[in-house]
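Single-structure report; data block below.
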Amino acid sequence: MESHVQSLSRELAARGHDVTVVTTRHTSSAPERESLDGFDVIRVKPRMVVMRTPIAPRIRGALRGLPADVVHAHLPPPLSAHYAADACEARGVPLVLTYHCDVEIPSPVGSLIETVYRRSLGESTLRRARQVIVTTRTYAATSRAVWRHSPVVIPNAVDVHRFDPGIDGMAVRQKLKIPPDRPVVLLVGRIVAHKGVEHFIEASRYLPGVQFLVAGEGTHLESMERFADRLGVEDRIRFLGRISQENLPKVYAACDIFVLPSVSRLEAFGIVALEAMATGKPVVVADIPGVREVIEDGVEGLLADPVNPQDLAEKIRRLLEDPALREEMGRRGREKVLASFTTEAVTDQVLQVYRDVVARRQATARP
60 MESHVQSLSR ELAARGHDVT VVTTRHTSSA PERESLDGFD VIRVKPRMVV MRTPIAPRIR
120 GALRGLPADV VHAHLPPPLS AHYAADACEA RGVPLVLTYH CDVEIPSPVG SLIETVYRRS
180 LGESTLRRAR QVIVTTRTYA ATSRAVWRHS PVVIPNAVDV HRFDPGIDGM AVRQKLKIPP
240 DRPVVLLVGR IVAHKGVEHF IEASRYLPGV QFLVAGEGTH LESMERFADR LGVEDRIRFL
300 GRISQENLPK VYAACDIFVL PSVSRLEAFG IVALEAMATG KPVVVADIPG VREVIEDGVE
360 GLLADPVNPQ DLAEKIRRLL EDPALREEMG RRGREKVLAS FTTEAVTDQV LQVYRDVVAR
420 RQATARP
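Now the structure itself:
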């Protein structure tokens, strides 16, 4: 989501719009206010973080102090969008809300908390949005939270200039001491429960001689490292940690196949798969709602059973054994991203939503 917001904000600013991003991504080393890539950033320090949800009511004050024609909030995190709705309601500013995924809480009482949230704060937030956006048709049709709010479908955007097939990944292979002839399979994402990292690791058991790379950090990193040790595949798995935005395209370029093995509706779109496709890589993605819409099975990549590591391994093997198929899928993947997911095309759609909600507000304000 962060990369999408950054790309969208940069493109809006380049078109002459005044853009301010209010975020709870706050560190002691980062300034509270700064300008980046033509847009302003305001960082609000949360009072606390509960179950990865920042509690930051100061968002209301930050938004009330901005001369905005429209506020575009992103959910999750759920409370940040709720604070944005409060500020918009107080000022009479139209709210656009992109609903990226349903709220899921990994807890024995998680389903109860989710239901209470959806019927209270969640519904209150969605109801106050002048327009709800979802990233896939699947979420528009199946999410219990959003379907009644007439959402429009606008996908997340990919910077196709940054992610390009011409990028050389050899330096990454050399730094990691991976022989040029050793196949590389890559996963990029947070190391958390819903990402299916354990299935990615287990798939390596069936593919000796293949180097599996995990790029990212998260709460489950240490447990996944221990899991790889228990399976005896620690020599096939490399955990790269957090990759800088500057180096991420090079890491994609270093792989032969990209894998997105997520197991939950929390993975509602799969922008990392699109970034890999933009870099000209074939992909294997989990056959779950939302994610499966990124590709056509057998065209830009393959769908795999989200909870069957052996099936995942077989799909990877099929691509490794057919270099011509990998090349063709990589080419078609790049074409698909250029046709439907560029920052420019997505910005056009988002701008039209902004114009529509502002026009509706002006129409209702007339005496």
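If you count the sequence shown from 1, you need to add 59 to reach the working numbering. For every residue, glycine included, the Cβ atom is placed at its ideal position computed from N, Cα and C.
Short Cβ contact (8 Å threshold) for residue i with residue j
| i | j | result |
| --- | --- | --- |
| Val100 | Ala127 | no |
| Ile316 | Arg420 | no |
| Ser62 | Phe98 | no |
| Leu138 | Leu156 | no |
| Val256 | Val318 | no |
| Thr82 | Arg102 | yes |
| Tyr158 | Leu122 | no |
| Val130 | Ala143 | yes |
| Val217 | Leu95 | no |
| Thr197 | Pro348 | yes |
| Ala146 | Arg119 | yes |
| Ala345 | Tyr311 | no |
| Leu71 | Val78 | yes |
| Val1 | Ile226 | Because the chain spans 60 through 426 in this model, residue 1 falls outside it and cannot be assessed. |
| Pro365 | Val322 | yes |
| Leu290 | Val273 | no |
| Ala363 | Leu371 | yes |
| Phe222 | Pro113 | no |
Where residue i sits in the DSSP three-state scheme
| i | result |
| --- | --- |
| Asp407 | helix |
| His220 | coil |
| Ser94 | strand |
| Thr112 | strand |
| Arg102 | strand |
| Leu272 | strand |
| Leu125 | coil |
| Val243 | strand |
| Ile118 | helix |
| Gly300 | strand |
| Leu266 | coil |
| Val416 | helix |
| Leu280 | helix |
| Leu156 | strand |
| Ala89 | coil |
| Val80 | strand |
| Met388 | helix |
| Leu235 | coil |
| Ala252 | helix |
| Val175 | helix |
| Ala375 | Correcting the residue identity first, residue 375 is Ile in this sequence and not Ala. Three-state result, Ile375: helix. |
| Met60 | coil |
| Ala132 | strand |
| Thr184 | helix |
| Thr197 | helix |
| Ile192 | strand |
| Val211 | strand |
Environment of residue i [buried if 16+ CB atoms lie within 10 Å]
| i | result |
| --- | --- |
| Gln270 | buried |
| Leu266 | buried |
| Ser209 | exposed |
| Ser202 | buried |
| Ser179 | exposed |
| Gln369 | exposed |
| Lys104 | exposed |
| Val108 | exposed |
| Leu229 | Reading off the sequence shown, one finds Met at residue 229, where the question assumed Leu. Per the 10 Å Cβ criterion, exposed. |
| Arg295 | buried |
| Asp240 | exposed |
| Pro242 | buried |
| Glu91 | exposed |
| Pro320 | buried |
| Ala418 | exposed |
| Gly268 | exposed |
| Pro238 | exposed |
| Thr406 | buried |
| Glu403 | exposed |
| Glu261 | buried |
| His258 | buried |
| Ala89 | exposed |
| Ala337 | buried |
| Gly124 | exposed |
Within-8 Å CB hit, residue i to chain B
| i | result |
| --- | --- |
| Ser88 | Of the protein chains in this structure there is only one, and it is not chain B. |
Between the segment 247-254 and the segment 271-284, can you find at least three pairs of beta-carbon atoms closer than 8 Å? In short, these stretches touch, since the Cβ pair count reaches three.
Between the segment 399-408 and the segment 227-242, do at least 3 Cβ pairs fall closer than 8 Å? They do not touch, by the three-pair rule.
What residue ranges within the segment 302-370 form continuous beta strand (DSSP E) runs of no fewer than 3 residues, ordered along the chain? Taken in chain order, the complete beta strand (DSSP E) segments of 3 or more residues contained in the segment 302-370 are 316-319, 342-345 and 360-363.
Assess, as a yes-or-no matter, whether the segment 328-345 is touched by the segment 385-394 under the definition of 3 or more beta carbon pairs within less than 8 Å. With the cut-off at 8 Å, the segment 385-394 and the segment 328-345 touch.
Inter-stretch contact at 8 Å, needing at least 3 Cβ pairs: the segment 351-358 / the segment 300-312: They do not touch, by the three-pair rule.
When you compare the segment 401-420 with the segment 371-386, are there three or more beta-carbon pairs, one atom per stretch, that lie closer than 8 Å? No, the segment 401-420 is not in contact with the segment 371-386.
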